[in-house]
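Be aware that the sequence shown starts at 1, since it is given in the UniProt record's numbering, and climbs by one per residue. Idealized CB from N, CA, C, for every residue including glycine. This one's a predicted model, so the numbers in the text were calculated from it and none came from an experiment. Here the structure is laid out as structure tokens; the discussion comes afterwards.
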Amino acid sequence: MEKVGIGIIGCGNISGAYLKAMAGFDILDIRGVADLNQAAAEAKAAEFSVPVSTIDTLMADPKVEIILNLTIPRAHVEVGLKALAAGKHAYSEKPLGINFAEGKKLAEAAENAGLRIGAAPDTFLGGGHQTARKVVDSGALGLAVGGTASFMRPGHESWHPNPDFYYDIGGGPMLDMGPYYITDLVNLFGPVRKVAGFATMLRKERTITSEPRRGETISVKVPTHIAGVLSFENGAVVQVTMSFDVAGHKHLPIEVYGTEGTLLVPDPNFFKGPVSLLKKGGDFEDYPVDQPYADGNYRSIGLADMAYAIRNNRPHRANGELALHVLEVMEAFERAAETGRTVEISTSVRRPAPLSESLVNGVLGK
Ligand SMILES: NC(=O)c1ccc[n+]([C@@H]2O[C@H](COP(=O)([O-])OP(=O)(O)OC[C@H]3O[C@@H](n4cnc5c(N)ncnc54)[C@H](O)[C@@H]3O)[C@@H](O)[C@H]2O)c1
Numbered sequence: 001m002e003k004v005g006i007g008i009i010g011c012g013n014i015s016g017a018y019l020k021a022m023a024g025f026d027i028l029d030i031r032g033v034a035d036l037n038q039a040a041a042e043a044k045a046a047e048f049s050v051p052v053s054t055i056d057t058l059m060a061d062p063k064v065e066i067i068l069n070l071t072i073p074r075a076h077v078e079v080g081l082k083a084l085a086a087g088k089h090a091y092s093e094k095p096l097g098i099n100f101a102e103g104k105k106l107a108e109a110a111e112n113a114g115l116r117i118g119a120a121p122d123t124f125l126g127g128g129h130q131t132a133r134k135v136v137d138s139g140a141l142g143l144a145v146g147g148t149a150s151f152m153r154p155g156h157e158s159w160h161p162n163p164d165f166y167y168d169i170g171g172g173p174m175l176d177m178g179p180y181y182i183t184d185l186v187n188l189f190g191p192v193r194k195v196a197g198f199a200t201m202l203r204k205e206r207t208i209t210s211e212p213r214r215g216e217t218i219s220v221k222v223p224t225h226i227a228g229v230l231s232f233e234n235g236a237v238v239q240v241t242m243s244f245d246v247a248g249h250k251h252l253p254i255e256v257y258g259t260e261g262t263l264l265v266p267d268p269n270f271f272k273g274p275v276s277l278l279k280k281g282g283d284f285e286d287y288p289v290d291q292p293y294a295d296g297n298y299r300s301i302g303l304a305d306m307a308y309a310i311r312n313n314r315p316h317r318a319n320g321e322l323a324l325h326v327l328e329v330m331e332a333f334e335r336a337a338e339t340g341r342t343v344e345i346s347t348s349v350r351r352p353a354p355l356s357e358s359l360v361n362g363v364l365g366k
């Protein structure tokens, strides 16, 4: 199958994980890496033996079919619109945009141009999560009742070298970590109908404890502890907590409840992790993870799936419709908190097809 040319824009912290994993997907042809900061692009190009380029060169390269946008959240839509205007499909890191309105603008631009948009997370395509999806689809849980989703940590300023964007508009625990949890829940339960929530910002400043900027302070512009409830179209009601303020806890990342069983889902920040199922009257038992991509960091599998989808003229899984729905849901927590009302979600989405439909000899290939 003819490879799909990829131009990478954004050569910061996460780009290494992509460049490493992309080497494992034959369909992807890295045409070059670029960044506003040319030194960052040069460093990644040297480290991964890929061509260094510039943003304008990648946008003008006829062999680049998809722009992979690994910039900070505030730049996702700006770079995405530029890619679409240049006739390229656009795939970005999460979130799709820093608010629903700009995400919608990107989705409309893609539709008008007849081009695709896609977005991380793609961890829901990992073997642990696809196994959980298989269990849900088997009907083993009975009627969908609800669940919990919990991300609670002290904050990324303890490890990220430039953590400012996590506390800027477009950051915060919901827009940063919410995409993993809510996308995974939508993959299991389908679209969300309504959101209720509360949010707090306890500290106006945070002190960086990572190197090289240890001791510098960052001003906080977004809530850092958000708790709420999702009401899904299938009737399930799920409690969600996303926080950069909690020292530690003992909740599992995602639990899913049905009338006949309870499913423990792996951490959606990772592709791998154990799946455990309790059937009514019994105990929790490990459920064999029997789907591929369960043994490593496959960040970029959503991009590879989009590349195969382009060649095979089928929908891709980590698609704009899904990312826009998730963005609307995430924003709704804050709107619910501000207004003291539940918020109706205007978008809906079909659950992405199970990854098994695109496997050839156990690997993504169609
Ligand atoms: N760091 C992680 O572990 C991690 C994990 C998963 C997802 N992400 C997501 O990946 C994205 C990038 O995160 P990061 O940690 O790599 O950030 P980073 O700050 O380390 O790197 C971002 C890079 O983008 C460049 N950039 C910013 N605006 C640009 C623009 N308009 N045009 C071109 N380049 C531009 C910056 O110069 C920088 O090199 C974010 O959306 C983040 O949520 C990060």
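Remark: the shortest separation between the CB of LYS272 and any heavy atom of ligand 1 does not fall under 7 angstroms. For ASP176, the Cβ falls inside the 7 angstroms cut-off from some heavy atom of ligand 1. Its chain contains PRO315 and HIS316 as the residues whose beta carbon lies nearer than 7 angstroms to that of ALA309, once the 5 sequence neighbours on both sides are disregarded; these appear in chain order. Counting of Cβ neighbours within 10 angstroms places LEU84 among the buried residues, the total reaching 16 or more. Here ASP35 is buried: its Cβ has 16 or more other Cβ atoms, across all protein chains shown, within 10 Å. Here the C-alpha atom of GLU328 lies approximately 11 angstroms from the C-alpha atom of GLU102. Residue burial annotation: SER346 is exposed, with fewer than 16 other C-beta atoms found within 10 angstroms of its C-beta. Positions of the beta strand (DSSP E) runs, each at least 3 residues long and wholly inside the region 82-117, are given as 89-92 in order along the chain. For SER243, the enclosing beta strand (DSSP E) starts and ends at 237-243. The Cβ atoms of PRO51 and ALA45 lie closer than 8 angstroms to each other.
Secondary structure at LEU58: helix, using DSSP grouped into helix, strand and coil. When Cβ pairs closer than 8 angstroms are counted between the two stretches, the region 124-132 is seen not to touch the region 230-245, the count staying below three. ALA318 sits away from MET330, with the two beta carbons spaced by 8 angstroms or more. Assigned with DSSP and collapsed to three states, ASP286 falls in strand. Assigned with DSSP and collapsed to three states, THR148 falls in strand. With a threshold of 7 angstroms, the Cβ atom of PRO73 counts as near ligand 1, since some heavy atom of the ligand is closer than that. Residue environment: PRO288 is assigned as exposed (fewer than 16 neighbouring CB atoms within 10 Å of its CB, all protein chains considered). Where GLY273 is concerned, there is no enclosing beta strand (DSSP E), because DSSP gives it neither an H nor an E.
Relative to ligand 1, even the nearest heavy atom lies 7 angstroms or more away from the CB of ILE8. Annotation for SER348: PRO191 place their beta carbon closer than 6 angstroms to its own, counting only its chain and skipping 5 residues before and after.
Under the three-state reduction of DSSP output, ASP137 falls in the helix class. About 14 angstroms separates the beta carbons of GLU260 and GLY146, which is beyond the 8 angstroms limit, so they are not a contact pair. Annotation for PHE124 indicates a beta carbon at 7 angstroms or more from all heavy atoms of ligand 1. Comparing alpha-carbon positions, the option among ILE66, SER15 and PHE151 lying closest to ASN269 turns out to be PHE151.
If you draw a 10 Å sphere on the C-beta of ASN13, you find fewer than 16 other C-beta atoms in it, and that means exposed.
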